[in-house]
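Residue numbers (our numbering): 98 to 618.
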C-alpha cells in the first residue's frame, strides 16, 4: 500500500495599491519572505495568489478587479511573484476587501471538497484599504463567516494597526483575538464587519510582522504547542510548567494556541489516487526498504530511543546585570506558565516568581529536548509588569561574536568663514605638514644579494657568449628598470676610465666565485 499524503494549502490576496509607497514595499517584502520559506518547497503544499484592485477581472466568482494569477494551486517562488505583480495594472478603489475574502474562501472550499488529504487551509489578505464597504455587504460577511466555520479555514487580515496586549495564556489570547482594538481610521461599516468576523470565526487582525509569524506558525506546529516539562529545583522540588513560544510583532507579543488534535483529524488518501480515502484504523506505520514495507508496532519507543528523557533543570542564580539583553539570541522569547492540569502548579510557580523578584536575581536553567538530547541554557527573568517569567535562550561562548561597527563621519561642507578659531588652527597645522611632491627627493634602490647577483652575471655571460677579455659588463637589475630588465640583465658597453671602485670590487668577487659558479654550470 503506498504511503498516505497530507497537504497544506493557502490563498494569499495581495493589494497592488501603490499610493502608500512605504506600506507597498513592506508588504512586498512580507510576500517574498513567506513565499521563500520551506513551507512552499514541499511538492504537496501549494498556494494560490490573487491580486486585488487589478485592471483585469479573472476569478471563479467573476468579482470585479480581482485577478487569479494562476489557474491552479502551485508552488511559486519570489521571482515569479515579482514578475506577476509588476505586470499587473492598478485600478483605484474598484474592488472591496470582502469580495477578495469571498473569492479566496471559495477557492479554498472547492479545494477542500475536491482534494483529499488537506490538513490546514489559510487565507491571508494583505491590504491597507478597508473603508470601501457599506451595509449592502452584510450578506457577504455572513456567508464568509459560514464558509470559514464549515471548512475550518484560518483567515489572517494583515495591514491594520491594532492594539495588542501582553498575552500569557490561551484564555487571554482568545479574548484578544475575538475583541480587536483597531487603531486605524476606517468607516463604521468596515470596522463593524471586521469585529464581527473576528468574533464569530477564526479571523485575526494584525500587522505585517506578526502576520508573518502567525502564517508560518500555523504550518509549523512545533511553535504552536506548549513545551510541558517539570522545572526541577534541587533534588526534592519539581514544578509542573508549560512553556509557550512568543511570536514577534511590532508591539507586544502573542502566542499561537494549541489545537486539540485527535487521530481522526487527518484524512489519509492514496498517493497514486488522492480521491480514495483510507480509514485511520487501516494505516500502518513503517518504513519502505527494498520496495517492501517494514511495519512498526504501536510502541515506537523500542525502535526510536534517546539517551535520556527531556528535562528542565534549574542550575543556579545570577545577578540581572550579568545577563545583558544584547547577548540574547534573536530566535524569539518564551513565557513560562503553570501547567493547568496540575492544581498546585500555579501556586508553586508564583512562589518561584516572587523569590526571583524579591532577590532581584535571574535563574539559569538547562533545557534538554528528547529529540536531539542537546542542552540549551536559558535565563528565567521575572517580569513585574505582567507578573510572569520570561525565558530567553543564552548563547554559549562559541556563539558570542564581538562585532563593532563605526560609521564614517560626514564630510564638513562648511566654508572657512563658518569655522571656529580652533578648527582653523587645526586645519593650518595639518596643511603645514604637507610636503610638495617636487620637494620630496627619495629614490629607493633595489637591494640585491651580491652572491646571487654574481651568479646571475656568470650565467648570462656564458649563454650570451661574452668574452672576459672584452671590455664589457653586465648591468645589475635596478628598481627603475622594467620587468624585462629585472628578470633578464641587459648587456651594455662601458668606456675605459669609467669603471669605479664598485665595479672593481665586483670583478674581485667574480674571481672568488669562479670555481663555484663553473661547478654549477
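The beta-carbon is built from N, C-alpha and C at its ideal position, and this holds for glycine as well.
Quick caveat, the model's predicted, so the values are computed rather than measured.
| request: Could you check what DSSP says for residue 335 in three-state terms: helix, strand or coil? | output: strand
| Are there three or more Cβ pairs, one per stretch, closer than 8 Å when the segment 144-151 is compared with the segment 102-122? | When Cβ pairs closer than 8 Å are counted between the two stretches, the segment 144-151 is seen to touch the segment 102-122, the count reaching three or more.
| request: Express the C-alpha separation of residue 408 and residue 130 in angstroms, rounding to a whole number. | output: Spanning the alpha carbons of residue 130 and residue 408 requires a straight line of approximately 34 Å.
| field | DSSP beta-bridge partners of residue 409 | value | 328 and 464
| request: Decide yes or no for the touch test of the segment 285-301 against the segment 250-264: beta carbon pairs closer than 8 Å, at least 3 of them. | output: yes
| said: Please report the distance separating the alpha-carbon of residue 193 from that of residue 221. | reply: Between the alpha carbons of residue 193 and residue 221 lies a gap of roughly 15 Å.
| Mind pulling the beta strand (DSSP E) runs of 3 or more residues that sit fully within the segment 194-232? | 215-223
| request: Decide yes or no for the touch test of the segment 159-166 against the segment 208-217: beta carbon pairs closer than 8 Å, at least 3 of them. | output: no
| said: Once DSSP output is grouped into helix, strand and coil, what is the label at residue 303? | reply: Looking at residue 303 - three-state DSSP - the assignment turns out to be strand.
| task | Kindly confirm or deny that the segment 241-250 and the segment 327-335 touch, where touching means at least three C-beta pairs closer than 8 Å. | result | no
| In three-state DSSP terms, what is residue 186? | coil
| task | For residue 327, collect the residues of the same chain with a Cβ closer than 8 Å to its Cβ; drop the 5 residues on either side in sequence, then sort them by chain order. | result | 335, 336, 337, 338, 408 and 409
| request: In angstroms with no decimal places, state the Cα-to-Cα distance between residue 527 and residue 552. | output: 50 Å
| Where does residue 340 fall in DSSP's three states? | strand
| field | Limits of the unbroken alpha helix (DSSP H) element including residue 245 | value | 235-248
| said: Measuring straight from C-alpha to C-alpha, what distance separates residue 304 and residue 325? | reply: Note on geometry: alpha-carbon atoms of residue 304 and residue 325 lie some 30 Å from one another.
| query | Between which two residues does the alpha helix (DSSP H) containing residue 522 stretch? | reply | Per DSSP, residue 522 belongs to the alpha helix (DSSP H) from 518-529.
| query | In whole angstroms, what is the alpha-carbon distance linking residue 621 and residue 444? | reply | The chain is shown only over 98 to 618; residue 621 falls outside these bounds and no answer can be derived.
| query | What are the boundary residues of the beta strand (DSSP E) that includes residue 165? | reply | 163-165
| task | Note down the Cα distance separating residue 472 from residue 492, rounded to an integer number of angstroms. | result | 11 Å
| request: Note down, in chain order, each residue of its chain lying with its Cβ closer than 7 Å to the Cβ of residue 224, except the 5 sequence neighbours on either side. | output: 112, 149, 194 and 256
| said: Taking only three categories from DSSP, how would you classify residue 254? | reply: strand
| field | Span of the beta strand (DSSP E) around residue 430 | value | Annotation for residue 430: the continuous beta strand (DSSP E) segment containing it runs 430-435.
| query | In this structure, does DSSP put residue 416 in helix, strand or coil? | reply | strand
| message | Could you pull the DSSP bridge partners for residue 143 from this structure? | response | 106
| field | Among 271, 341, 182 and 453, the one whose alpha carbon lies nearest that of residue 66 | value | Within the shown structure, residues of the chain are numbered from 98 to 618, placing residue 66 beyond reach of any answer.
| task | Between the Cα of residue 145 and those of 202, 180, 286 and 414, spot the shortest distance and give me the residue it belongs to. | result | 202
| field | Distance CB(residue 517)-CB(residue 459) smaller than 7 Å | value | Cβ atoms of residue 517 and residue 459: not closer than 7 Å.
| query | In three-state terms, what does DSSP make of residue 486? | reply | strand
| Rounded straight-line distance, which links the Cα of residue 121 to that of residue 204 | Between residue 204 and residue 121, the C-alpha separation is close to 25 Å.
| query | Measuring from the CB of residue 179, is there a heavy atom of the ligand NAP at a distance below 6 Å? | reply | With respect to small molecules bound, the structure shown includes none, and the ligand NAP cannot be examined in it.
| said: Here's the rule I'm using: 16 or more other beta-carbon atoms within 10 Å means buried, otherwise exposed. How should residue 234 be labelled? | reply: buried
| message | Run through the DSSP bridge pairs and tell me what residue 474 is partnered with. | response | Its beta-bridge partners are 463.
| field | residue 280, DSSP secondary structure in three states | value | coil
| task | Quick one: residues in its chain with C-beta nearer than 8 Å to the C-beta of residue 457, no 5 flanking neighbours on either side, listed in chain order? | result | 416 and 417
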